[in-house]
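Below: one structure, written as structure tokens.
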Amino acid sequence: MKASSGSLILGLAALLLPGLTVSAVFLNARPNRLQFLTEESVSLSCEGQQSSAGWTVRRTAGGGKTQRCGDGPQDFGSFDGSSCIISDLSTLSDSGVYWCENSDGHKTPELNITVSAALVSLSVLVSILAGVLLLCKRQAGLAVQLLSGLAVSAGLAVLLLSGLTVSAGAFPPPTVSTVRLLCHLVVFCPYCMSTILMLSIYCSRKTGNKQPVSRETADRVDCEDYGNVTTEHAF
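Throughout the sequence shown, residue numbering follows mature numbering (1 follows the signal peptide of the UniProt record, and there is no 0), covering -24 to -1, 1 to 211 in sequence.
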């Protein structure tokens, strides 16, 4: 009876051990995000509370073909002993599902990595009124600001906050003359407003300093003038 109980415990342990092993090891991406731009680099490593020796990074990308990280002709990336480095990410070949797998066939939870040449949201900076200001960048490294979940970057793409949907060519690019006009307006509008305000204040003060002439003062002046008049008689 004891022998059968011991065998049962060992059998349960053998069934549960692979599940514990998989949950203890996971695939970690650096930078810690799933959306990347073309020509960027990413470092993938199998990490966990226990030793990750014997685990390799694998993926299904580029038409559903399964590959492993290594230096072979059929492999992807380069393995430096602890991490899988993928340089110059490509939209077609590097977008796919990644995971860690050991020699026994046990797998970690998968990461769905997307590589795009359009705008990709990086981080939420600060809330402004009802909108959200996002910092985004393009492949060229230029920064744009998204207000209220919607922005246009030189007519190339529009990034919607809901679902991070990317659509290309939504709006025509602004012309150089329009940009210059906006810059001039931003510079000269405060100056014009301050000048008008100062003129209005000066005029109001100048008008207020003039004292109205009362009726009594006017009558007194008339009487004095009348007393000073001499009457000439003709003889």
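Note that the Cβ used here is the ideal one computed from N, Cα and C, for glycine as well.
| Check | Outcome |
| --- | --- |
| Who are the near neighbours of Asn88 in its chain, counting only those whose CB is closer than 7 Å to its CB and skipping five residues on each side? | Leu10, Val73 |
| So what does DSSP say about Leu137, is it helix, strand or coil? | Only weak support exists for where Leu137 lies, its pLDDT of 39 falling under 50; the coordinates are left without a value. |
| Name the one or two DSSP bridge partners that Phe13 has. | For the record, residue 13 in the displayed sequence is Leu; it is not Phe. Beta-bridge pairing links Leu13 to Ser92. |
| Give the straight-line distance between the Cα atoms of Ser19 and Asn8, rounded to the nearest whole angstrom. | 9 Å |
| Return helix, strand or coil for Ala(-1), following the three-state DSSP convention. | helix |
| Does the stretch 35 to 44 come into contact with the stretch 64 to 73, if we say contact requires no fewer than three beta-carbon pairs (one atom in each stretch) closer than 8 Å? | yes |
| Under the rule that 16 or more other beta-carbon atoms within 10 Å means buried, what is Val134, buried or exposed? | Confidence at Val134 is low in this model, with a pLDDT of 40, below 50, so the placement of that residue is unreliable and no value is reported for it. |
| I need the DSSP call for Ser21, collapsed to helix, strand or coil. | strand |
| Which of the three DSSP states, helix, strand or coil, is assigned to Ser69? | helix |
| Give me the Cα-Cα distance between Cys165 and Ser59, rounded to the nearest whole angstrom. | 56 Å |
| Go to Cys60, then tell me how far its beta strand (DSSP E) extends in each direction, as first and last residue. | 60 to 62 |
| For Ala(-1) versus Gly24, is the C-beta spacing smaller than 8 Å? | yes |
| Report the rounded CA-to-CA distance for His82 versus Arg44, giving the unit in angstroms. | 14 Å |
| Measure from the alpha carbon of Glu15 to the alpha carbon of each residue in Ser63, Leu3, Thr42, Cys179, then state which is nearest. | Ser63 |
| Does DSSP put Ser28 in a helix, in a strand, or in coil? | coil |
| Beta strand (DSSP E) containing Lys83: first to last residue? | Taken as a continuous stretch (DSSP letters only), Lys83 belongs to no beta strand (DSSP E), as it is neither H nor E. |
| What number of angstroms, rounded off, separates the C-alpha of Gly107 from the C-alpha of Arg181? | With a pLDDT of 39 at Gly107, under the threshold of 50, the modelled position of that residue is not reliable, and the figure given next carries that caveat. Their backbone Cα atoms lie some 43 Å apart in a straight line. |
| Count the other C-beta atoms from every protein chain shown that fall within 10 angstroms of the C-beta of Ser21, then say buried if there are 16 or more, exposed otherwise. | buried |
| Considering Cα atoms alone, identify which of Tyr178, Ser17, Cys159, Leu161 is closest to Ser92. | Ser17 |
| Tell me whether Ser79 sits in a helix, a strand or coil according to DSSP, three-state version. | coil |
| In whole angstroms, give me the CA-to-CA distance for Gln50 and Phe2. | 24 Å |
| Could you spell out where the beta strand (DSSP E) holding Gln43 opens and where it closes? | 41 to 44 |
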